[in-house]
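Participant:
There are 2 protein chains.
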Amino acid sequence: MSLPHAILTALLEKPSSGLELTRRFDRSIGYFWSATHQQIYRELGKLEQAGLIRALPSDQPSRGQKKEFEVLPAGRTELTRWASGEQDPKPIRDALLLRLRAAAVVGRTGLDEELRRHLTLHRRQLAEYQGIEDRDFGAAADPEDRLRRLVLRAGIGLETFWVQWLEEALAEVADMEGAPGEPGAPRQV
Amino acid sequence: MSLPHAILTALLEKPSSGLELTRRFDRSIGYFWSATHQQIYRELGKLEQAGLIRALPSDQPSRGQKKEFEVLPAGRTELTRWASGEQDPKPIRDALLLRLRAAAVVGRTGLDEELRRHLTLHRRQLAEYQGIEDRDFGAAADPEDRLRRLVLRAGIGLETFWVQWLEEALAEVADMEGAPGEPGAPRQV
DNA sequence: AAGCCTTGTGCAACAAGTTGCAAAAAACGT
DNA sequence: ACGTTTTTTGCAACTTGTTGCACAAGGCTT
């Protein structure tokens, strides 16, 4: 329900074409609100029709032709409206945790490898975030940057948490392996 | 793509009817894989048709009549297969973070209240998780319980993170309020 | 200039998740 | 015994997200 607002935000930061937006979603904004180019194009169409954004004039717009969008006043109003309302945090949807629960009933085959794999991924992501913080936010000055930094620090905190938890989990699982209970495979029916 | 596996897991832990499942999703499993009753009923239908689960025999099953399901061997096999594969962590989708970014371009009206509200919600959730840990996991013995506890500890860690981050964010926003930059409302176009 | 790669836009079909409602059975009050 | 509420199941329509592909323009290569 908030992809349009993500796009409005991105476009206010800088008018862009669909593909540019996609790229930027792959970098900064997509870190906490991902979207494919398809979603973006579709949504750009809707936003344009709704009169919230408009395409910057170009010679003769046609299919493979770049098309830049900018936010209209109505769009800014809408974003302001949205941003001053309430958004309930929606519950976690995490396949790895689900998998642990499954492992509890069906055996932990391959669990160790999977935990390790995730650990690597999260370490990498954490490093990337920290790189961005070092590079882009020296001494955060204006409110805008301070807010953006806050968002980045949420990312860092989350990745840090996962790294720690995964390390804990790996230790725990390793500890189970030799000892009691089932030997990796489920006690079969 | 993993709701069916969430259901299989739940049903292996204990055969249930659709509504019971919904209740259990609202408590334990839904903490990291939420689902509405509609999704669950629809999925139960599919799983039954696919021969992974079956309805326990009852007199004459009809509409408002309770129907219990149990997992068939094929279902266990499928869950085992799924649980030994890879699941990539999908990126965060967090409306609050998006909102912060929006606030950076459109002003932080009402931001403080919203942060406070979330803080309350996360504190409450954290307390609930800790209650469960205290109640259900004294000295975790068998591997199954240790895995389930690990999942719970992920929940605790996540909520703890959010609480900390929100406190940090509130301090930061409060610090902006008096000082420089924009006065809560955006510098209007 | 013919062929090919990249950039950019977009359709169409599908899968997953949400919302609103309806309808059968059972429980309950009076 | 009758109407009301609660439990339980489910349909239908909609929104959101994903996947695979197609098509246009322009640059590059030989």
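Same order as they appear, the protein sequences are chains A and B. The first sequence begins at 1 in full-length UniProt numbering and counts up one residue at a time. The second sequence begins at 1 in full-length UniProt numbering and counts up one residue at a time. Virtual Cβ for every residue (Gly too), placed ideally from N, Cα, C.
(1) Please identify, using Cβ separations under 8 angstroms, the residues of the region 28-43 of chain B that lie next to chain A, in order along the chain.
(2) Under 7 angstroms, Cβ to Cβ, is there at least one residue of chain A near Pro-57(B)?
(3) Per DSSP, which one or two residues make a beta bridge with Glu-70(A)?
(4) Just reading off the alpha helix (DSSP H) that Gln-49(A) is part of, what are its end residues?
(5) Measuring straight from C-alpha to C-alpha, what distance separates Pro-73(A) and Arg-99(B)?
(6) Taking Glu-86(B) as the query, report the chain A residues whose CB atoms sit under 8 angstroms from its CB, ordered along the chain.
(7) How about the region 4-22 of chain B and the region 39-51 of chain B: do they share at least three Cβ pairs that are nearer than 8 angstroms?
(8) Distance check for Ala-174(A) and Lys-66(A), CA to CA, integer angstroms please.
(9) Measuring CA to CA, which of Leu-3(A), Leu-47(A), Ala-95(A), Ile-29(A) is closest to Gly-155(A)?
(10) Using a 10 Å radius around the Cβ and a threshold of 16 neighbouring Cβ atoms, would you call Ala-104(A) buried or exposed?
(11) For a test of the three-state rule: what should DSSP assign to Asp-175(B), helix, strand or coil?
(12) I need the straight-line Cα distance from Asp-26(A) to Pro-91(B), nearest angstrom please.
(13) Please report how far the alpha carbon of Glu-86(B) lies from the alpha carbon of Leu-47(B), in whole angstroms.
(14) Output yes if chain B places a C-beta closer than 7 angstroms to the C-beta of Ile-53(A); else output no.
(15) Going by DSSP, which residues form a beta bridge with Ser-17(B)?
(16) With C-beta atoms as the reference, is Met-79(B) less than 7 angstroms away from Val-106(A)?
(17) I'd like to check one pair, Glu-68(B) with Leu-56(B): are the Cβ atoms closer than 7 angstroms?
(18) Are the C-beta atoms of Gly-18(B) and some chain A residue less than 7 angstroms apart?
(19) Straight-line CA distance for Gly-157(B) to Leu-166(B)?
(20) Pull up the DSSP beta-bridge partners for Trp-162(B), would you.
(21) Roughly how many angstroms separate the alpha carbons of Val-71(B) and Ala-83(A), rounded to a whole number?
Facilitator: So, from the data block:
(1) Within the region 28-43 of chain B, the residues whose Cβ lies closer than 8 angstroms to some Cβ of chain A are Ile-29, Gly-30, Tyr-31, Phe-32, Trp-33, Ser-34, listed in chain order.
(2) no
(3) DSSP lists Arg-54(A) as partners of Glu-70(A).
(4) 37-49
(5) 19 angstroms
(6) Glu-114, Arg-117
(7) yes
(8) 54 angstroms
(9) Checking every option, the nearest Cα to that of Gly-155(A) belongs to Ile-29(A).
(10) The residue in question, Ala-104(A), is buried, as its Cβ has 16 or more Cβ neighbours within 10 Å.
(11) helix
(12) 11 angstroms
(13) Taking the straight line from one Cα to the other gives about 22 angstroms.
(14) no
(15) Glu-68(B)
(16) Met is not the amino acid found at residue 79(B); the sequence shown has Leu there. Yes, the Cβ-Cβ distance between Leu-79(B) and Val-106(A) is below 7 angstroms.
(17) yes
(18) no
(19) 14 angstroms
(20) BP columns for Trp-162(B) are empty, so no partner.
(21) 45 angstroms
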